[in-house]
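Chains A and B, in that order, give the protein sequences.
In terms of the numbering used here, the first sequence opens at residue 1 and continues consecutively.
In terms of the numbering used here, the second sequence opens at residue 1 and continues consecutively.
All C-beta atoms in this analysis are idealised placements derived from N, C-alpha and C, irrespective of residue type, glycine included.
A quick write-up on the structure given underneath.
Protein chains: 2
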Amino acid sequence: MRVEIWSDIACPWCYVGKARFDKALDAFPHRDEVEVVHRSFELDPGRAKGDTVAVLTMLTRKYGMTEEQARAGERDLGAQAAGEGLDYLTEGRDHGNTFDMHRLLHLARERGKQEELLALLYRANFADPRSVFADDERLVELAVAAGLDETEVRELLADQARYAEQVRADEREAAELGANGVPFFVLDRTYGVSGAQPPEVFTQALEQAWSARTPLTPITTPATAEACGPEGCAVPEREIGA
Amino acid sequence: MRVEIWSDIACPWCYVGKARFDKALDAFPHRDEVEVVHRSFELDPGRAKGDTVAVLTMLTRKYGMTEEQARAGERDLGAQAAGEGLDYLTEGRDHGNTFDMHRLLHLARERGKQEELLALLYRANFADPRSVFADDERLVELAVAAGLDETEVRELLADQARYAEQVRADEREAAELGANGVPFFVLDRTYGVSGAQPPEVFTQALEQAWSARTPLTPITTPATAEACGPEGCAVPEREIGA
């Protein structure tokens, strides 16, 4: 079974929702047969790389909140994060473009390090006062800590084309699947869960998707197959001894 | 879309079938959105590691063919392989246990090198007179040529437990999906193709699976979601300014 999770590193509900999903997954009896894939979704793709802004300023400017509303929202998110055992800086965080992080996450997937890198990026953005948006060195540090090769990481960051198409393809797919926001969880391309739902909802989704696994529809009948099995390789009779 | 291919390196129809599938995939308009995963299936799991036998001898002993039938079968396979542009040694090949190759293919998948390693293993087994079954050094050579780390490869080969469970899980899944032989192709866990079918059959399967992609069934309604979108992060109203 496969669970794809569209999310953005700059999305607090993704950070919280991932922890809630993981809680459900860890307790799922078929956990070892579930593959989890991170998919890219940028909340602020129009912001230039390196153009950072304080989160509280962004909330008041972009979404028209008063400063009190923005602060209260962040405190609420901090409380929700704490409820999942996650650290969360309610003040002092900044915001920026996440395109390079998504490109790195695609490289990390190919190297079997995606889960590690995503966890480090979330933690760095939400719980560490150092910016993940200001320069490449912080991203290099985190990618290497996740187990990626430093040279390969620097090459990726220096070439904006690398994995760009994969990020865009994920974003197109999110739109096709009807995701307007993140986190967005897709199970076996059949069931969708939107938002940082409680672990019980993820448990229900995992159980439902697991029990809905259906027999395959054969495109061809096995009888005609040129195949090898425990009894040997089927070679059409006409050709044996011809 | 995802295509999983159960196969064995010792299976000639898998070698031929993979080339036919690749031909269909290369011409498929949505090729970039298709992920291909190799799954393990051992044709001769009971054979001890290092216990090698000439293919022609194995065919006469295990399957009760006459030597003429065995030779004719191999010539036929050679012709089928040649039809796909593949080299094939109709004489002089040996046969053995493929468990270690499947374990290496699982490591290769995690390192983004599975396709490369599978192609090298097929070629080494079917088109190169050197044995891939006789000792570990040949496997080390091929795995390193595919881009894997030599130390990691040697550690895997020295420890029979590494990725053993992944090989066994693939084989259990093949049985659950109804595969009695290989190659066995599964598209989005919905459609199955058995055997080294002509490229047209794979084209049909790809098209059918592509058009059958269905809208997701929501486990939850988006309206209740704690999520972030282009308009900001949804924070329940009661908490703003509380």
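Residue i: buried (16+ other C-beta within 10 angstroms of its C-beta) or exposed?
| i | result |
| --- | --- |
| Leu56 (chain B) | buried |
| Glu165 (chain A) | exposed |
| Glu42 (chain B) | buried |
| Thr98 (chain A) | buried |
| Thr220 (chain A) | buried |
| Asp149 (chain B) | exposed |
| Asp159 (chain B) | exposed |
| Glu226 (chain B) | buried |
| Ser211 (chain A) | exposed |
| Thr217 (chain A) | exposed |
| Val3 (chain B) | buried |
| Pro183 (chain A) | buried |
| Tyr63 (chain B) | exposed |
| Glu74 (chain B) | buried |
| Glu237 (chain B) | Bear in mind that the predicted position of Glu237 (chain B) carries a pLDDT of just 45, short of 50, making it unreliable; the figure below should be weighed with that in mind. It counts as exposed. |
| Gly83 (chain A) | exposed |
| Gly96 (chain A) | buried |
| Asp170 (chain B) | buried |
| Ala146 (chain B) | buried |
| Arg111 (chain A) | buried |
| Asp188 (chain A) | buried |
| Glu200 (chain A) | exposed |
| Arg103 (chain A) | buried |
| Ala79 (chain B) | exposed |
| Ala179 (chain A) | buried |
| Ala134 (chain A) | exposed |
| Ala27 (chain A) | exposed |
Going by C-alpha distance, which of the options is nearest residue i?
| i | options | result |
| --- | --- | --- |
| Ser194 (chain A) | A:Ile9, A:Trp13, A:Met1 and A:Thr214 | A:Trp13 |
| Arg109 (chain B) | A:Arg213, A:Glu35 and A:Gln204 | A:Glu35 |
| Glu141 (chain A) | A:Leu117, A:Ala161, A:Pro129 and A:Arg162 | A:Leu117 |
| Gly181 (chain A) | B:Arg138, B:Gly232, B:Tyr163 and B:Gln204 | B:Gly232 |
| Met1 (chain B) | B:Val37, B:Ala10, B:Lys23 and B:Ser7 | B:Val37 |
| Leu105 (chain B) | B:Pro230, B:Gln204, B:Gly192 and B:Val144 | B:Val144 |
| Arg130 (chain A) | A:Gln204, A:Pro29, A:Gly92 and A:Gln80 | A:Gly92 |
| Val132 (chain A) | A:Asp32, A:Gln114, A:Asp94 and A:Lys113 | A:Asp94 |
| Ser7 (chain A) | A:Gln80, A:Asp32, A:Thr66 and A:Met101 | A:Met101 |
| Glu137 (chain A) | A:Gly50, A:Met58, A:Pro199 and A:Thr90 | A:Gly50 |
| Arg123 (chain B) | B:Leu187, B:Ala234 and B:Tyr15 | B:Tyr15 |
| Ala174 (chain A) | A:Ala70, A:Ser40, A:Ala119 and A:Asp22 | A:Ser40 |
| Ala54 (chain A) | A:Gly46, A:Gly78, A:Ala10 and A:Asp76 | A:Ala10 |
| Ala205 (chain B) | B:Met65, B:Pro45 and B:Gly192 | B:Gly192 |
| Gly17 (chain B) | B:Ala72, B:Pro215 and B:Leu77 | B:Leu77 |
| Arg31 (chain A) | A:Cys228, A:Glu207, A:Ala234 and A:Thr214 | A:Glu207 |
| Pro85 (chain A) | A:Ala72, A:Val153 and A:Asp22 | Note on residue identity: the sequence assigns Gly, not Pro, to residue 85 (chain A). It is A:Asp22. |
| Leu177 (chain B) | A:Arg213, A:Met58, A:Gln80 and A:Leu177 | A:Arg213 |
| Leu120 (chain A) | A:Ala134, A:Leu107 and A:Leu139 | A:Leu139 |
| Ile5 (chain A) | A:Glu115, A:Asp87, A:Ala134 and A:Thr90 | A:Glu115 |
Please confirm whether any heavy atom of the ligand ZN lies closer than 7 Å to the CB of residue i.
| i | result |
| --- | --- |
| His95 (chain B) | Within the structure as shown, the ligand ZN is missing, as the structure has no ligands at all. |
How many whole angstroms separate the CB atoms of residue i and residue j, which I take to be in contact at a CB cut-off of 8 Å?
| i | j | result |
| --- | --- | --- |
| Ala196 (chain B) | Arg20 (chain B) | 6 Å |
| Val209 (chain B) | Thr190 (chain B) | Residue identity differs from the one stated: residue 209 (chain B) is Ala in this sequence, not Val. Between Thr190 (chain B) and Ala209 (chain B) the Cβ distance is about 6 Å, and since that is below 8 Å, they are a contact. |
| Ala24 (chain B) | Phe202 (chain B) | 4 Å |
| Tyr163 (chain B) | Leu156 (chain B) | 7 Å |
| Thr60 (chain B) | Ala70 (chain B) | 5 Å |
From the DSSP secondary-structure annotation, give me the bridge partner or partners of residue i.
| i | result |
| --- | --- |
| Gly272 (chain B) | Chain B is shown only over 1 to 242; residue 272 (chain B) falls outside these bounds and no answer can be derived. |
| Asp94 (chain B) | B:Ala54 |
| Glu39 (chain B) | Sequence check: residue 39 (chain B) is Arg here, not Glu. Partner(s): B:Trp6. |
| Pro218 (chain B) | A:Gly192 |
Discussion item. Give the list of continuous beta strand (DSSP E) stretches no shorter than 3 residues that lie fully inside the region 153-215 of chain B.
Written reply: 184-187 and 191-194
task = Using a Cβ-Cβ cut-off of less than 9 Å, list which residues of the region 91-104 of chain A approach chain E; keep chain order.
result = Looking at the structure shown, chain E is missing, and the protein chains on hand are A and B.
Can you give, in chain order, each stretch of the beta strand (DSSP E) that sits fully within the region 114-156 of chain B and has at least 3 residues?
-> none
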